[in-house]
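At position 86 of the sequence shown the residue is numbered 86 (UniProt numbering), and the sequence of numbers has no breaks. Here a beta-carbon is modelled for each residue, glycine too, at the ideal position from N, C-alpha and C. Only a predicted model underlies this, so the values are computations on that prediction, with no experimental measurement involved. Below: the structure, in C-alpha coordinates.
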Amino acid sequence: SLRSLKLPASVIDLLRQHKIEQSKERLKLGDQWVNTDRLFVAWNGYPLNPNTPLNWLNRFFKRTGLRRVNIHSFRHLNASLLITNGVDPRTVSASLGHSQTSTTLNIYAHTFAVAQAQASEAIANALNLNQKKA
(Lines of atoms letter the chains of each structure in order from A; the text may use other names.)
(Lines give C-alpha, C1' and ligand atoms only; values in the text may rest on other atoms or scores of the structure.)
Protein backbone atom coordinates (compact mmCIF):
# COMPACT_ATOMS: atom_id res chain seq x y z
CA SER A 1 0.00 0.00 0.00
CA LEU A 2 1.01 3.62 -0.41
CA ARG A 3 2.23 5.28 2.79
CA SER A 4 4.80 7.78 3.97
CA LEU A 5 7.84 6.67 5.93
CA LYS A 6 10.11 8.71 8.13
CA LEU A 7 13.73 7.80 7.42
CA PRO A 8 16.80 8.54 9.52
CA ALA A 9 19.14 11.27 8.26
CA SER A 10 21.81 8.65 7.51
CA VAL A 11 19.46 6.86 5.10
CA ILE A 12 18.45 10.15 3.47
CA ASP A 13 22.15 10.88 2.93
CA LEU A 14 22.66 7.48 1.29
CA LEU A 15 19.67 8.04 -0.99
CA ARG A 16 20.98 11.48 -1.97
CA GLN A 17 24.33 9.93 -2.85
CA HIS A 18 22.52 7.28 -4.87
CA LYS A 19 20.68 9.99 -6.82
CA ILE A 20 23.99 11.79 -7.50
CA GLU A 21 25.48 8.58 -8.91
CA GLN A 22 22.32 8.03 -10.93
CA SER A 23 22.61 11.54 -12.39
CA LYS A 24 26.16 10.79 -13.49
CA GLU A 25 24.94 7.64 -15.26
CA ARG A 26 22.11 9.60 -16.90
CA LEU A 27 24.60 12.15 -18.25
CA LYS A 28 26.90 9.39 -19.51
CA LEU A 29 24.11 7.54 -21.31
CA GLY A 30 22.44 10.59 -22.81
CA ASP A 31 19.52 9.56 -25.04
CA GLN A 32 19.83 5.91 -23.95
CA TRP A 33 18.64 6.85 -20.45
CA VAL A 34 14.92 6.34 -19.80
CA ASN A 35 13.48 8.98 -17.45
CA THR A 36 11.11 7.55 -14.85
CA ASP A 37 9.96 8.60 -11.41
CA ARG A 38 11.68 5.57 -9.84
CA LEU A 39 14.45 5.72 -7.28
CA PHE A 40 15.89 2.30 -8.08
CA VAL A 41 16.21 1.53 -11.77
CA ALA A 42 18.10 -0.64 -14.23
CA TRP A 43 21.42 0.52 -15.69
CA ASN A 44 19.61 2.63 -18.30
CA GLY A 45 16.96 4.19 -16.06
CA TYR A 46 14.30 1.69 -17.07
CA PRO A 47 12.11 0.36 -14.20
CA LEU A 48 13.54 -2.74 -12.54
CA ASN A 49 12.11 -6.14 -13.29
CA PRO A 50 10.07 -7.11 -10.20
CA ASN A 51 12.32 -10.17 -9.72
CA THR A 52 15.55 -8.16 -9.64
CA PRO A 53 15.63 -7.47 -5.86
CA LEU A 54 14.97 -11.16 -5.16
CA ASN A 55 17.78 -12.12 -7.55
CA TRP A 56 20.13 -9.71 -5.74
CA LEU A 57 19.12 -11.21 -2.41
CA ASN A 58 19.67 -14.78 -3.63
CA ARG A 59 23.15 -13.88 -4.93
CA PHE A 60 23.92 -12.24 -1.58
CA PHE A 61 22.96 -15.42 0.31
CA LYS A 62 25.00 -17.57 -2.03
CA ARG A 63 28.05 -15.30 -1.74
CA THR A 64 27.91 -14.98 2.06
CA GLY A 65 26.73 -18.47 2.95
CA LEU A 66 23.99 -17.00 5.15
CA ARG A 67 20.72 -18.86 5.58
CA ARG A 68 18.28 -17.97 2.81
CA VAL A 69 15.16 -16.05 3.86
CA ASN A 70 12.40 -14.57 1.76
CA ILE A 71 11.91 -10.85 1.26
CA HIS A 72 8.87 -10.86 3.54
CA SER A 73 11.18 -11.83 6.42
CA PHE A 74 12.59 -8.30 6.34
CA ARG A 75 9.11 -6.94 7.05
CA HIS A 76 8.86 -9.24 10.07
CA LEU A 77 12.37 -8.25 11.18
CA ASN A 78 11.43 -4.57 10.91
CA ALA A 79 8.34 -5.07 13.06
CA SER A 80 10.23 -7.15 15.63
CA LEU A 81 13.02 -4.58 15.92
CA LEU A 82 10.52 -1.76 16.39
CA ILE A 83 8.65 -3.70 19.07
CA THR A 84 11.72 -4.84 21.02
CA ASN A 85 13.04 -1.27 20.96
CA GLY A 86 9.92 0.01 22.67
CA VAL A 87 8.00 1.51 19.76
CA ASP A 88 4.31 1.63 20.62
CA PRO A 89 1.92 -0.79 18.86
CA ARG A 90 0.00 1.94 17.02
CA THR A 91 3.20 3.27 15.40
CA VAL A 92 4.38 -0.24 14.50
CA SER A 93 0.96 -0.97 13.02
CA ALA A 94 1.00 2.22 10.94
CA SER A 95 4.50 1.50 9.63
CA LEU A 96 3.34 -1.95 8.50
CA GLY A 97 0.22 -0.57 6.84
CA HIS A 98 -2.16 -2.44 9.12
CA SER A 99 -5.51 -0.66 9.32
CA GLN A 100 -6.16 -2.15 12.77
CA THR A 101 -3.63 -2.18 15.61
CA SER A 102 -5.20 -5.48 16.69
CA THR A 103 -3.81 -7.09 13.51
CA THR A 104 -0.28 -6.15 14.56
CA LEU A 105 -0.88 -7.26 18.14
CA ASN A 106 -2.19 -10.65 16.97
CA ILE A 107 0.61 -11.32 14.48
CA TYR A 108 3.44 -10.13 16.75
CA ALA A 109 2.03 -11.18 20.14
CA HIS A 110 5.13 -13.25 20.92
CA THR A 111 7.41 -10.27 20.22
CA PHE A 112 5.32 -7.94 22.37
CA ALA A 113 5.52 -10.50 25.20
CA VAL A 114 9.32 -10.45 25.01
CA ALA A 115 9.33 -6.64 24.92
CA GLN A 116 7.05 -6.52 27.98
CA ALA A 117 9.38 -8.85 29.86
CA GLN A 118 12.32 -6.60 28.94
CA ALA A 119 10.36 -3.56 30.12
CA SER A 120 9.63 -5.15 33.50
CA GLU A 121 13.31 -6.04 33.90
CA ALA A 122 14.27 -2.45 33.03
CA ILE A 123 11.95 -1.16 35.76
CA ALA A 124 13.35 -3.65 38.26
CA ASN A 125 16.89 -2.57 37.36
CA ALA A 126 16.00 1.11 37.64
CA LEU A 127 14.56 0.53 41.11
CA ASN A 128 17.53 -1.66 42.08
CA LEU A 129 15.19 -4.59 42.71
CA ASN A 130 17.52 -7.04 40.99
CA GLN A 131 20.46 -6.47 43.30
CA LYS A 132 21.47 -9.51 45.30
CA LYS A 133 21.18 -9.11 49.03
CA ALA A 134 24.44 -9.54 50.92
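Sequence-distant residues of its chain with Cβ nearer than 6 Å to residue i (five each side left out)
i, result
"Thr111", "Ser80, Ile83"
"Arg26", "Trp33"
"Asp13", "none"
Reduced DSSP category for residue i - H, G, I as helix; E, B as strand; rest coil
i, result
"Val92", "helix"
"Val41", "strand"
"Pro53", "helix"
Beta-carbon contacts of residue i that lie in its chain and below 7 Å, excluding the five residues immediately before and after
i, result
"Leu54", "Ile71"
"Leu29", "Asn44"
7 Å Cβ cutoff met for residue i and residue j
i, j, result
"Thr101", "Pro89", "yes"
"Pro50", "Arg38", "no"
"Ala122", "Asn130", "no"
Residues near residue i in its chain [Cβ-Cβ closer than 8 Å; skip 5 each side]
i, result
"Asn58", "Arg68"
"Gln118", "Thr84"
Enclosing alpha helix (DSSP H) for residue i [first to last residue]
i, result
"Val11", "9-29"
"Ile83", "72-84"
"Asn106", "101-107"
- Does the count of Cβ pairs from the region 73-90 and the region 26-46 closer than 8 Å reach three? The region 73-90, when compared against the region 26-46, does not touch it at the 8 Å Cβ threshold.
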